[in-house]
Every structure is written in structure tokens, then in C-alpha cells.
Amino acid sequence: MYWIFVKNPLSGFKRLADRSRFWYFAHRLLKSAGAESKALSFLERSLQSQTGHPELHLEAGRLYLRRGQLDRAAWHYHLANCAVEPDNFIAWLEESCAGDQGGILGDRSAVLMALGNWYLNAGEPEKALTCYDRLTLAGRGAGVSVLNNKGVALLALGRPREALSHFEEARNAGGAGPEVSFNTGLALSKLGRFAEALKHYDRAQRAGLDSVDILNNKGYVLYHLGRPREAILCYKLAHRLVPDDLTVLNNLAACYERLNRLEEAIAAYETALRFHARDATLYNNFALCLERAGRYEDALAHYERAIELDPQNRIFRANRGACLVHLNRAPEAMAVYDRLLAEEPANQFVWGLRGDLLAALGRDREATEAYNRALGLTG
22 MYWIFVKNPL SGFKRLADRS RFWYFAHRLL KSAGAESKAL SFLERSLQSQ TGHPELHLEA
82 GRLYLRRGQL DRAAWHYHLA NCAVEPDNFI AWLEESCAGD QGGILGDRSA VLMALGNWYL
142 NAGEPEKALT CYDRLTLAGR GAGVSVLNNK GVALLALGRP REALSHFEEA RNAGGAGPEV
202 SFNTGLALSK LGRFAEALKH YDRAQRAGLD SVDILNNKGY VLYHLGRPRE AILCYKLAHR
262 LVPDDLTVLN NLAACYERLN RLEEAIAAYE TALRFHARDA TLYNNFALCL ERAGRYEDAL
322 AHYERAIELD PQNRIFRANR GACLVHLNRA PEAMAVYDRL LAEEPANQFV WGLRGDLLAA
382 LGRDREATEA YNRALGLTG
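Plus 21 on top of the position in the sequence shown (first one is 1) and you've got the numbering used here.
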């Protein structure tokens with residue numbers, strides 16, 4: 022019997038696969054087929070076996086720019102000897118984008134999108150909006166991602182009406198995803214259109230979005246729609262996801278207060294303070310709740326802690342004055358109001374508090390004058 026030996030083709034393929042040219046050409050084929058993620062993986066394999074090839078690093082930099090991964094793009098442009106250091110890459114990218122015609126950066130629109138997203142995440146919405154506007158001028162303004170991100174930037178700039186129009190345009194362009202629905206709800210909420218906002222939050226949840234942000238914002242609109250019990254459920258679910266979230270705990274306490282469930286509100290504030298012991302607004306809000314519960318001494322201590330953390334806050338100081346009235350320390354309260362009015366003579370809130378105190382003291386003529394000032398009737 023003869024044995025026929027057949028050469029295993031797999032071993033030859035493996036040897037070929039170890040060669041950088043295979044990875045490079047595979048990357049080219051995949052890129053032309055639109056499989057950029059796979060193409061980039063093959064290009065990285067090629068770079069592992071070939072060092073000192075700036076054209077390969079340049080190609081990798083372009084691909085990472087298209088994907089919005091600026092950290093990896095910066096590294097490859099640096100290795101491509103493009104006279105750029107990773108720590109000044111954003112400035113270099115801005116400058117290059119103004120004049121590059123595709124030689125170094127590749128798809129200029131993709132670069133503008135990546136820059137806009139970077140600025141948006143960095144808390145610079147004005148710069149982000151500039152990048153997105155440049156995209157629009159380049160003929161790329163109708164994309165869902167661009168429209169959505171422009172809307173987010175406009176929201177951050179306090180322009181909810183314009184933001185809403187961009188989110189609506191994104192939905193009309195096929196952007197039915199949960200993020201667009203959530204952002205639409207947020208814009209409507211900021212415009213006080215709470216019932217409409219709730220519909221969009223529900224739509225985002227049905228599409229699979231489940232996060233602390235959506236639960237917190239849904240709770241907010243339910244509270245303003247007079248449905249605090251449902252809002253509490255949202256805040257409790259959000260609290261389970263992120264137990265130390267200050268906004269969630271503060272809002273949960275506010276719902277309990279609205280339902281006059283003061284002990285539960287106090288417990289929520291106490292939990293919040295365990296995580297955020299230096300938040301002045303939290304101490305002020307807790308003090309207001311303690312006053313409602315008739316615990317004026319405890320409330321005063323919390324007002325004083327709030328003022329210690331934020332000495333210039335006139336609301337905290339005025340609230341402390343009102344608490345002193347409840348403790349029958351009228352002269353101290355009047356001194357607080359006088360100091361505040363010396364700093365801000367037109368403060369109508371403080372004039373109202375002063376009028377209440379004067380009326381309680383039987384000083385009716387002075388109380389009337391104070392109330393007139395509180396209403397803006399006299400100068």
C-alpha cells in the first residue's frame with residue numbers, strides 16, 4: 022500500500038499571514054468594500070511587523086479620524102512624522118482642517134464631525150456648533166448624527182427652541198433611535214411642554230434606552246405634571262442604578278415633601294449628605310424640609326452649614342433669617358434682613374420676609390411699606 026502525502030495548505034497560509042504585505046493588501050480590499058473596522062484591524066497587524074513606514078501610520082490616522090477615535094489618530098499622525106505631538110493634536114487638526122484637501126486628513130467632513138463631537142464632550146458647545154455648521158456648509162448637514170449633535174450643543178447653550186427643531190429634523194430624516202427621542206423630550210421639558218416630553222421619554226424607553234438620565238428626567242416631568250407618586254418610582258429605580266447621584270436623591274426628597282411624607286424626605290436628604298457633604302444647596306434644601314417638619318434648631322444648623330460653604334448666597338442667608346423668626350429670635354432675623362438689603366436694596370424676596378416679620382411685630386405701617394417694596398410698587 023502506498024501512502025500519499027498531501028502538503029497541508031494551512032501552514033503556507035500561516036506563513037503568508039505573518040507577512041505584513043498580506044495584512045496591508047487585506048486592509049486595502051476590506052476598506053474598498055466598506056468594512057473599515059476590519060480594514061483597520063488588518064492595517065494594525067501590518068504595522069506590528071513593519072516599523073518606520075509613515076505612509077501606513079498616515080493611513081491608520083485617517084481611518085481613526087473617520088471613526089472619531091482622536092487619541093489613536095493622534096498617535097498614528099505623530100508616528101507618521103506629521104510634525105504633531107499628541108498633546109497639541111486638536112489645535113493641529115483645526116489648523117490642518119482649514120486647508121487640507123484630503124492629502125493628510127482624508128475625509129474632511131469626517132474630521133469636522135470628530136472635532137465637533139470632541140468639543141461637545143469636552144464641554145465646549147460653541148466650538149462644537151461651529152464644527153457642525155461647517156459640516157452643513159460642506160453639504161453634510163442633513164445626516165441624523167449631525168442634526169442630533171447640533172441639537173445637543175444648542176441645548177447646552179440654552180437654546181431649546183432651536184435644538185428642538187434640529188431633533189425634529191433628525192427624526193424626519195430617519196432618526197427614530199432612542200437618543201433622538203430622549204433629546205427631543207429634554208428640549209420639550211426645558212420649554213415647559215411636559216406632557217409631550219413624557220411621550221418622547223416613553224418612546225426612548227421602548228426603544229431600549231434605560232439609564233439614570235432618562236429615569237431622572239422622566240421623574241422630573243411627572244413631578245411637574247402633578248404625578249409625584251409615579252415620579253418617586255422613577256427616582257427609586259434611578260437610585261438603585263446609581264446610589265450616590267445627587268440630583269436623583271434631591272428630586273426624590275422633593276417628591277416626598279410634595280406628598281408631605283417628610284420622614285422619607287429627611288431620610289433621602291441624609292443619604293445624599295453622606296455622599297455629598299460639601300454641597301451647599303443640599304444643606305439649604307434639607308433645612309427647608311426640616312422647617313416643614315418643625316425641627317427649627319436642626320434647620321438653623323443646616324442653613325449655617327450652607328452659608329459656611331457658600332457665604333455670598335443671599336437666598337441661604339434669607340432663609341436663615343426666616344428660620345430665626347420661627348425660633349422667636351426676631352432681632353437677629355431683622356439684622357439679617359437689614360444686612361441683605363444694604364447689599365441689594367431692590368431684593369423683593371427679602372423685602373417680603375421683612376414685611377412678614379414687621380407685621381408679626383405689630384409694626385403695620387413699616388410692614389405695608391416693606392410689602393410695597395416687595396411688590397415693586399415703590400423705589
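Just so you know, even glycine gets a beta-carbon here, dropped at the ideal spot from N, CA and C.
Under 8 angstroms between the Cβ atoms of residue 208 and residue 191? Taking the first residue of the sequence shown as 1, we reach residue 208 at position 187. Taking the first residue of the sequence shown as 1, we reach residue 191 at position 170. Taking 8 angstroms as the Cβ cut-off, residue 208 and residue 191 do not qualify as a contacting pair.
If the criterion is Cβ atoms closer than 8 angstroms, does the pair residue 156 and residue 133 meet it? Translated into the one-based positions of the sequence shown, residue 156 becomes position 135. Translated into the one-based positions of the sequence shown, residue 133 becomes position 112. Contact: yes.
Tell me where the alpha helix (DSSP H) around residue 385 begins and ends. Working through the sequence shown from its first residue, we reach residue 385 at position 364. Residue 385 -> alpha helix (DSSP H) spans 385-395.
CB residue 354 to CB residue 378, shorter than 8 angstroms? Within the sequence shown, the letter at position 333 stands for residue 354. Within the sequence shown, the letter at position 357 stands for residue 378. Yes.
Could I get the ranges of all uninterrupted alpha helix (DSSP H) runs contained in the stretch 177-262, with 4 residues as the minimum, in chain order? 181-193, 199-211, 215-227, 233-245, 249-262
Collapsed DSSP secondary structure at residue 399 in the structure displayed: Locating residue 399 in the sequence shown gives position 378, counting from the first residue. Three-state result, residue 399: coil.
Pull up the distance between the alpha-carbon of residue 338 and that of residue 304, whole angstroms please. The residue given as residue 338 occupies position 317 in the sequence shown. The residue given as residue 304 occupies position 283 in the sequence shown. Cα-Cα distance, rounded: 12 angstroms.
Thinking residue 256 and residue 269 are a contact (beta carbons under 8 angstroms), I'd like their distance in whole angstroms, please. Against the sequence shown, residue 256 aligns to sequence position 235. Against the sequence shown, residue 269 aligns to sequence position 248. Going by Cβ atoms, the distance from residue 256 to residue 269 rounds to 5 angstroms, so yes, they are a contact pair.
Under the three-state reduction of DSSP, which class applies to residue 90: helix, strand or coil? Counted from its first residue, the sequence shown places residue 90 at position 69. Reduced to three states, the DSSP call for residue 90 is coil.
DSSP three-state label for residue 301, please. By 1-based counting over the sequence shown, the position of residue 301 is 280. Residue 301: helix per DSSP, three-state reduction.
Taking only three categories from DSSP, how would you classify residue 349? For this step, residue 349 is matched to residue 328 along the sequence shown. Note: residue 349 maps to coil in three-state DSSP.
Is the number of C-beta pairs between the stretch 243-250 and the stretch 258-267 that are closer than 8 angstroms three or more? no
Measure the Cβ-Cβ separation of residue 373 and residue 388 and say whether it is below 8 angstroms. Here residue 373 refers to the residue found at position 352 of the sequence shown. Here residue 388 refers to the residue found at position 367 of the sequence shown. Result no, Cβ atoms of residue 373 and residue 388 do not sit closer than 8 angstroms.
CB-CB under 8 angstroms to residue 225, same chain, minus the five flanking residues each way: which ones, in chain order? Position 204 of the sequence shown, counted from the start, is the residue given in the question as residue 225. Counting only Cβ-Cβ distances below 8 angstroms, and skipping sequence neighbours, we find 199, 200, 202, 203, 206, 235.
Do the CB positions of residue 298 and residue 324 come within less than 8 angstroms of each other? The residue labelled residue 298 in the question sits at position 277 within the sequence shown. The residue labelled residue 324 in the question sits at position 303 within the sequence shown. Their beta carbons are not under 8 angstroms apart, which means residue 298 does not touch residue 324 by this criterion.
How big is the Cα-Cα spacing for residue 288 and residue 352? Taking the first residue of the sequence shown as position 1, residue 288 is located at position 267. Taking the first residue of the sequence shown as position 1, residue 352 is located at position 331. For residue 288 and residue 352, the distance between alpha carbons rounds to 33 angstroms.
Residue environment, residue 80, which counts as buried when at least 16 other CB atoms sit within 10 Å: Counting from one through the sequence shown, the residue named residue 80 turns up at place 59. By the 10 Å Cβ count, residue 80 comes out buried.
On the criterion of 16 or more Cβ atoms from any shown chain inside 10 Å, does residue 363 qualify as buried, or is it exposed? Your numbering for residue 363 matches position 342 in the sequence shown. Classification for residue 363: exposed.
Is residue 137 helix, strand or coil by DSSP? The residue you call residue 137 lines up with position 116 of the sequence shown. DSSP places residue 137 in helix when its eight states are reduced to three.
Starting from residue 326 and walking both ways along the alpha helix (DSSP H), at which residues does that stretch end? As a working note, residue 326 is residue 305 in the sequence shown. Residue 326 -> alpha helix (DSSP H) spans 317-330.
Excluding sequence positions up to five away, which residues of its chain have a Cβ less than 6 angstroms from the Cβ of residue 341? Along the sequence shown, read from residue 1 onward, the residue named residue 341 stands at position 320. Counting only Cβ-Cβ distances below 6 angstroms, and skipping sequence neighbours, we find 324.
In chain order, what residues of the same chain lie with their CB nearer than 6 angstroms to the CB of residue 178, ignoring the 5 residues before and after it? Your numbering for residue 178 matches position 157 in the sequence shown. For residue 178, where only same-chain residues beyond five positions count, the Cβ hits under 6 angstroms are 146.
Counting only the same chain and skipping the five closest in sequence on each side, list residues whose C-beta sits under 7 angstroms from that of residue 148. Along the sequence shown, read from residue 1 onward, the residue named residue 148 stands at position 127. Closer than 7 angstroms at Cβ, skipping near neighbours: 140.
Going by other Cβ atoms of all chains shown within 10 Å of its Cβ, with 16 needed for buried, is residue 401 buried or exposed? Nothing can be reported for residue 401, as the shown portion of the chain is limited to 22 through 400.
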